[in-house]
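Each protein sequence line maps, in turn, to chains A and B.
Be aware that the first sequence starts at -8, since it is given in this note's numbering, and climbs by one per residue.
Be aware that the second sequence starts at -8, since it is given in this note's numbering, and climbs by one per residue.
Heads up, the beta-carbon is just placed ideally off N, CA and C, and yes, glycines get one too.
2 protein chains.
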Amino acid sequence: METKMARPVRGSSTGRPIMRLFDVLGERWTLRILWELKQETLNFRALRERCDKVSPTSLNKRLKVLRELNLVVHDEEGYSLSDTGQGLGSQLLSLHEWAETWATSLVDAK
Amino acid sequence: METKMARPVRGSSTGRPIMRLFDVLGERWTLRILWELKQETLNFRALRERCDKVSPTSLNKRLKVLRELNLVVHDEEGYSLSDTGQGLGSQLLSLHEWAETWATSLVDAK
DNA sequence: TTGTATCGCTACACATTTTGTAGCAAGAAG
DNA sequence: CTTCTTGCTACAAAATGTGTAGCGATACAA
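See the structure below:
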């Protein structure tokens, strides 16, 4: 039984899902891509615009990985989060809420 | 009123906290560092070991940013999450739970 | 057929980031 | 003094990311 999870993992060779996840999310643009796709389905060029015109090279690299990991799907409508990916999207939403309070605390600390 | 939040943000110039967060978390090792510090206070060298011997150069760069953003603190005991950072740590814990079910779904999809 | 437009994506050279090794300076303890 | 551990820096090589131009496929119009 071998899955995409078993691929070489940067930083940790245990193959623990959380490490694989940190790996993927730690690559530039990944979080942002998931964030934008959480809001709506977008085609390649539109997604690029949303992500501050990330280079198509990078975008395509990320999308390829995200599709392999079953987080993003691609159909005639464009790119969107898979059912699994939606779960991760929700996590990002709660991260967003946390970030708002964090920002406030930073301001207050001034 | 100006905070560390206002610093140049890779990918987005709006300065929205979530974008700043994506920025920081999207740098290599940041998520892992937070993860390890969530478990316990560690000194520089110990933290390095936990993070698969990340180069001291990278580790120091990350720690510097995390301290500036008030997520990590450094005292005689070593490095640890700030009160604010703990909040982020909890998010990672729930990310961990999600990752476990994700892994299962990947295996099943095989 | 021949245009025109849009799509996903690739080529490639340049720029930035990350890595690995070595080791320094400061402090504690003998 | 020596020896040990600490946080951290220097620096060159390797890996990763960027920006622009544009290709091949597809769709629709003239």
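Using beta-carbon positions only, say whether residue i and residue j come within less than 8 angstroms of one another.
{"i": "tryptophan 26 of chain A", "j": "leucine 83 of chain A", "result": "yes"}
{"i": "leucine 86 of chain A", "j": "leucine 12 of chain B", "result": "yes"}
{"i": "tyrosine 70 of chain B", "j": "leucine 22 of chain B", "result": "no"}
{"i": "glutamate 59 of chain B", "j": "threonine 32 of chain B", "result": "no"}
{"i": "leucine 54 of chain B", "j": "valine 64 of chain B", "result": "no"}
Work out the CA separation of residue j and residue i for me, nearest whole Å.
{"i": "arginine 36 of chain B", "j": "isoleucine 9 of chain A", "result": "23 angstroms"}
{"i": "threonine 75 of chain A", "j": "valine 98 of chain B", "result": "13 angstroms"}
{"i": "serine 49 of chain A", "j": "threonine 92 of chain A", "result": "31 angstroms"}
{"i": "cysteine 42 of chain B", "j": "glutamate 40 of chain A", "result": "35 angstroms"}
{"i": "valine 45 of chain A", "j": "glycine 6 of chain B", "result": "17 angstroms"}
{"i": "glycine 78 of chain B", "j": "alanine 100 of chain B", "result": "33 angstroms"}
{"i": "glutamate 88 of chain B", "j": "glycine 80 of chain A", "result": "14 angstroms"}
{"i": "lysine 102 of chain A", "j": "lysine 29 of chain B", "result": "What is shown of chain A runs -8 to 101, which leaves residue 102 of chain A out entirely."}
{"i": "threonine 95 of chain B", "j": "asparagine 51 of chain A", "result": "26 angstroms"}
{"i": "asparagine 61 of chain A", "j": "glutamate 18 of chain A", "result": "17 angstroms"}
{"i": "leucine 72 of chain B", "j": "isoleucine 24 of chain B", "result": "10 angstroms"}
DSSP three-state call for residue i: helix, strand or coil?
{"i": "leucine 79 of chain B", "result": "helix"}
{"i": "leucine 84 of chain A", "result": "helix"}
{"i": "valine 45 of chain A", "result": "coil"}
{"i": "serine 73 of chain A", "result": "coil"}
{"i": "leucine 60 of chain A", "result": "coil"}
Is there a Cβ from chain B that is less than 8 angstroms from the Cβ of residue i?
{"i": "proline 8 of chain A", "result": "yes"}
{"i": "threonine 48 of chain A", "result": "no"}
{"i": "phenylalanine 35 of chain A", "result": "no"}
{"i": "arginine 41 of chain A", "result": "no"}
{"i": "serine 71 of chain A", "result": "no"}
{"i": "arginine 58 of chain A", "result": "no"}
{"i": "leucine 38 of chain A", "result": "no"}
{"i": "glutamate 27 of chain A", "result": "no"}
Are the C-beta atoms of residue i and some chain A residue less than 8 angstroms apart?
{"i": "alanine 23 of chain B", "result": "Residue identity check: residue 23 of chain B is arginine in the sequence provided, not alanine. Answer yes: the Cβ-Cβ gap between arginine 23 of chain B and chain A drops below 8 angstroms somewhere."}
{"i": "glutamate 68 of chain B", "result": "no"}
{"i": "glycine 80 of chain B", "result": "no"}
{"i": "threonine 32 of chain B", "result": "no"}
{"i": "histidine 87 of chain B", "result": "yes"}
{"i": "arginine 53 of chain B", "result": "no"}
{"i": "leucine 16 of chain B", "result": "yes"}
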